[in-house]
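K.L.:
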DNA sequence: GAATCCCCTTACCGGTTGGTAGGGACGTTG
DNA sequence: CAACGTCCCTACCAACCGGTAAGGGGATTC
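Laid out in structure tokens, this is it:
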């Protein structure tokens, strides 16, 4: 086996971490691999050595995120009722830790861009995630009779409600000021839980 | 005055229109001015002649959108009750006409990017719009006692629910197929109205 | 101690970026 | 007919893009 820890985290992992942060902040086209490398004190060829192409590095970041979303599902206890599980799941997507904010921003960017970036990988990363959400929503009392289209539309609306916050955070801070943004941040999760509850309790449109 | 119509729409207006479509589709960094010009059968210097810089052209597109959002407010009849007006307003933001989809996508991109692009203009375009939404929400029965933070959080959640659809449209089409996406599209507005109603009726968290 | 592998470097490539300089076609105005 | 402004062109620029080629330092292996 290798020596215990030559660097606290492997260079490769640090590269992915930094790429995730910068791609989330500026988007795929908004960051160059040279900038990512410079942030790590390396040259872009160090990145290319590990990943070959910029696309592949981006793909690994997306893969990491897809893994996290799958992990969210596993961590929700199956005992609770379906409505509560869905609620927990959606709330678990957010929070103010940087990696989760990056995740929301990257998901939003991927949804915006993947159609352009050659219809490639991105979409499929999301597919099982969306499918699970639809399945879970169908299990909520009152929703079993809803059409696929209704279930999907509702899932989209809920995801939007959840993720828009992380996406709009910096802009809203600029508009309302730091302390007002912080106040909104503090109550966001509980208000979101309340909102999701109201939507689930109302059931689909008749 | 000038001759009635030398071209059906002035070249300048066509430029803004094309820029809006392409910026919405690919983002600020994802499109070059040469590509916008080529789409119009011109060279990039024709664009630079009219707008000077790429940033200025982008700013004019944002200005146009801000104007449309202000127009939405004016067009909602003041007679109706506050809940209904807010509902109408949010639903009016969407629809499947290309310019409105572009609007939602551009708003999302601007919210994602403006922090990076020098904290410049973008935010302020949105400020009165958000302020109006908060004011309107406060006027909805049951919401008058909510805190500013609660009102803002709810507005953010509702905007997310509204705009995520336009943003995610192409990706979802890729995942679920054309006809399923169309089915979702057809019922989205009414399902959204239903959802907004449920949220407003539930009131803020106590 | 020679060979090998891993990690990262400098040097370079063709292509594209936003932007500048200058000129030409055209209609309007004196 | 000359002067002028509008609109768009070709030509060009330095800077940067993602990616290739080749080599060096250092630890490991034989």
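Residue numbers (the working numbering), protein chains in the order written: chain A, 2 to 207; chain B, 2 to 207. From the three backbone atoms N, C-alpha and C, an ideal C-beta is built for every residue, glycine too. Keep in mind that this is a model prediction, so the values were computed, not measured.
#1: Is residue 143 of chain B helix, strand or coil by DSSP?
#2: Could you check the C-alpha separation between residue 133 of chain A and residue 87 of chain A for me, to the nearest Å?
#3: Less than 7 Å between C-beta atoms, sequence neighbours within five positions excluded: which residues of the same chain meet that for residue 54 of chain B?
#4: Leaving out the 5 sequence neighbours to the left and right, which residues in its chain are closer than 7 Å to residue 198 of chain B when beta-carbon positions are compared?
#5: Could you compute how far the alpha carbon of residue 64 of chain A sits from the alpha carbon of residue 52 of chain A?
#6: Check each candidate in B/115, B/38, B/180 and name the one with the smallest Cα separation from residue 26 of chain A.
#7: Less than 8 Å between CB atoms is the rule here; does residue 19 of chain A satisfy it with respect to chain B?
#8: Can you tell me whether residue 167 of chain A is helix, strand or coil according to DSSP?
#9: Among A/196, A/100, A/83, which one has its Cα closest to the Cα of residue 69 of chain A?
#10: Does residue 191 of chain A come out as helix, strand or coil in the three-state DSSP assignment?
#11: Below 8 Å between beta carbons: does that hold for residue 192 of chain B and residue 162 of chain A?
#12: Where does the unbroken alpha helix (DSSP H) through residue 14 of chain A begin, and where does it stop?
#13: Along the chain, where does the alpha helix (DSSP H) containing residue 93 of chain A start, and where does it finish?
#14: Quick check on residue 187 of chain A: buried or exposed, where buried means 16 or more other Cβ atoms within 10 Å of its Cβ?
#15: From the DSSP output, in three-state form, read off residue 41 of chain B for me.
#16: Report the option in A/194, A/204, A/18, A/195 whose CA atom is closest to the CA atom of residue 195 of chain B.
#17: Looking only at its own chain, which residues have a Cβ that is under 7 Å from the Cβ of residue 119 of chain A, when we skip the five neighbours before and after it?
#18: Anything in the region 157 to 176 of chain B with a Cβ closer than 8 Å to a Cβ of chain A? List those residues in chain order, please.
#19: Could you have a look at residue 205 of chain B and say whether DSSP puts it in helix, strand or coil?
#20: With a threshold of 8 Å between beta carbons, is residue 114 of chain A in contact with chain B?
#21: Grab the span of the alpha helix (DSSP H) containing residue 114 of chain B for me, first residue to last.
#22: Measuring from the CB of residue 144 of chain A, is there a heavy atom of the ligand COA at a distance below 7 Å?
#23: When the Cα atoms are used, what is the spatial distance from residue 84 of chain B to residue 141 of chain B?
#24: Should residue 50 of chain A go down as buried or exposed, given a rule of 16 or more other Cβ atoms within 10 Å for buried?
#25: When DSSP labels each residue in this structure, what does residue 60 of chain B get in the three-state scheme?
#26: Is it the case that the Cβ atoms of residue 168 of chain B and residue 152 of chain A are separated by a distance below 8 Å?
#27: Are the beta-carbon atoms of residue 108 of chain A and residue 159 of chain A separated by less than 8 Å?
#28: Any C-beta of chain A sitting closer than 8 Å to the C-beta of residue 102 of chain B?
#29: Is the CB of residue 149 of chain B under 8 Å away from at least one CB in chain A?
#30: By a C-beta neighbour count over all protein chains shown, 10 Å radius and 16 as the cutoff for buried, is residue 207 of chain A buried or exposed?
#31: Would residue 155 of chain A pass as an interface residue toward chain B - the criterion being a Cβ-Cβ separation below 8 Å?
#32: Compare the beta carbon distance of residue 56 of chain B and residue 41 of chain B with 8 Å and say whether it is the shorter of the two.
#33: Please list the partners that residue 191 of chain B has in chain A, where partner means a Cβ-to-Cβ separation under 7 Å.
#34: Are any of the Cβ atoms in chain B nearer than 8 Å to that of residue 28 of chain A?
#35: Could you have a look at residue 53 of chain B and say whether DSSP puts it in helix, strand or coil?
P.N.:
In brief:
#1: Residue numbering aside, residue 143 of chain B sits at position 142 when the second chain is read from its first letter. Residue 143 of chain B: coil per DSSP, three-state reduction.
#2: Residue 133 of chain A sits at position 132 when you count from the first residue of the first chain. Residue 87 of chain A sits at position 86 when you count from the first residue of the first chain. Within the model, the alpha-carbon separation for residue 133 of chain A versus residue 87 of chain A is close to 10 Å.
#3: For the purposes of this step, residue 54 of chain B is taken as residue 53 along the second chain, with counting starting at 1. Answer for residue 54 of chain B: no residue qualifies.
#4: What you label residue 198 of chain B is simply residue 197 of the second chain in a count that begins at 1. Beyond the five residues adjoining it in sequence on each side, residue 198 of chain B comes within less than 7 Å, by CB distance, of 88 in the same chain, given in chain order.
#5: For the purposes of this step, residue 64 of chain A is taken as the residue at position 63 of the first chain. For the purposes of this step, residue 52 of chain A is taken as the residue at position 51 of the first chain. Separation of residue 64 of chain A and residue 52 of chain A (C-alpha to C-alpha, rounded to the nearest whole angstrom) is 14 Å.
#6: Start at 1 with the first residue of the first chain, and residue 26 of chain A comes out as number 25. Among B/115, B/38, B/180, the Cα nearest to that of residue 26 of chain A is on B/115.
#7: Mapped onto the first chain, residue 19 of chain A falls at position 18. No Cβ of chain B is located within less than 8 Å of the beta carbon of residue 19 of chain A.
#8: If you number the first chain from 1, residue 167 of chain A lands on position 166. Three-state result, residue 167 of chain A: helix.
#9: Indexing the first chain from 1 puts residue 69 of chain A at position 68. When only C-alpha atoms are compared, the closest one is A/100.
#10: Walking along the first chain from the start, residue 191 of chain A turns up at place 190. Residue state, collapsed to three classes: helix.
#11: Position 191 of the second chain, counted from the first residue, corresponds to residue 192 of chain B. Position 161 of the first chain, counted from the first residue, corresponds to residue 162 of chain A. Taking C-beta atoms as the reference points, residue 192 of chain B and residue 162 of chain A fail to come closer than 8 Å.
#12: For the purposes of this step, residue 14 of chain A is taken as the residue at position 13 of the first chain. Counting along the chain, the alpha helix (DSSP H) containing residue 14 of chain A begins and ends at 12 to 27.
#13: As a first step, residue 93 of chain A must be located in the first chain, where it is residue number 92. From DSSP, the alpha helix (DSSP H) with residue 93 of chain A extends over 83 to 94.
#14: As a first step, residue 187 of chain A is located in the first chain; it is residue number 186 there, counting from the start. Residue 187 of chain A should be labelled exposed.
#15: In the second chain, residue 41 of chain B corresponds to position 40, counting from 1. Of the three classes helix, strand and coil, the one that applies to residue 41 of chain B here is coil, per DSSP.
#16: As a position in the second chain, residue 195 of chain B is number 194, starting the count at 1. Of the candidates A/194, A/204, A/18, A/195, the one whose C-alpha sits nearest the C-alpha of residue 195 of chain B is A/204.
#17: Here residue 119 of chain A refers to the residue found at position 118 when the first chain is read from its first residue. At residue 119 of chain A, the pLDDT of 45 sits below 50, so the modelled position is not reliable; the number obtained from the coordinates is stated separately. Around residue 119 of chain A, the same chain offers no residue with a beta carbon nearer than 7 Å, after the five sequence neighbours per side are excluded.
#18: For the region 157 to 176 of chain B, residues whose beta-carbon sits nearer than 8 Å to a beta-carbon of chain A comprise 157, 158, 159, 160, 161, 162, 163, 164, 165, 166, 168, 169, 171, 172, 173, 175, 176.
#19: Within the second chain, numbered from 1, the residue matching residue 205 of chain B stands at position 204. Three-state DSSP puts residue 205 of chain B in coil, outside helix and strand.
#20: By one-based count along the first chain, residue 114 of chain A stands at place 113. True, the Cβ-Cβ gap to chain B drops below 8 Å.
#21: As a working note, residue 114 of chain B is residue 113 in the second chain. The continuous alpha helix (DSSP H) containing residue 114 of chain B extends over residues 99 to 114.
#22: For the structure depicted, the ligand COA is absent and the ligand set is empty, with no information on it obtainable.
#23: Position 83 of the second chain holds residue 84 of chain B. Position 140 of the second chain holds residue 141 of chain B. Cα to Cα, the separation comes out at about 5 Å.
#24: Counting from 1 along the first chain, the entry for residue 50 of chain A is found at position 49. Exposed.
#25: As a first step, residue 60 of chain B must be located in the second chain, where it is residue number 59. DSSP, reduced to helix, strand and coil, places residue 60 of chain B within a helical segment of the structure shown.
#26: Reading the second chain from its first residue, position 167 is the one you call residue 168 of chain B. Reading the first chain from its first residue, position 151 is the one you call residue 152 of chain A. No.
#27: Within the first chain, the letter at position 107 stands for residue 108 of chain A. Within the first chain, the letter at position 158 stands for residue 159 of chain A. Cβ atoms of residue 108 of chain A and residue 159 of chain A: not closer than 8 Å.
#28: Mapped onto the second chain, residue 102 of chain B falls at position 101. No, residue 102 of chain B lies away from the interface with chain A (no Cβ there is under 8 Å from its Cβ).
#29: For this step, residue 149 of chain B is matched to residue 148 along the second chain. So yes, residue 149 of chain B belongs to the interface.
#30: As a first step, residue 207 of chain A is located in the first chain; it is residue number 206 there, counting from the start. Residue 207 of chain A counts as exposed, since fewer than 16 other C-beta atoms from the protein chains shown sit within 10 angstroms of its C-beta.
#31: As a working mapping, residue 155 of chain A is identified with position 154 in the first chain. For residue 155 of chain A, the answer is yes, since a Cβ of chain B falls inside 8 Å of its Cβ.
#32: For the purposes of this step, residue 56 of chain B is taken as the residue at position 55 of the second chain. For the purposes of this step, residue 41 of chain B is taken as the residue at position 40 of the second chain. Cβ atoms of residue 56 of chain B and residue 41 of chain B: not closer than 8 Å.
#33: As a first step, residue 191 of chain B must be located in the second chain, where it is residue number 190. Simply 206.
#34: Within the first chain, numbered from 1, the residue matching residue 28 of chain A stands at position 27. Closer than 8 Å to some Cβ of chain B, the Cβ of residue 28 of chain A qualifies, so yes.
#35: For the purposes of this step, residue 53 of chain B is taken as residue 52 along the second chain, with counting starting at 1. Assigned with DSSP and collapsed to three states, residue 53 of chain B falls in coil, not helix or strand.
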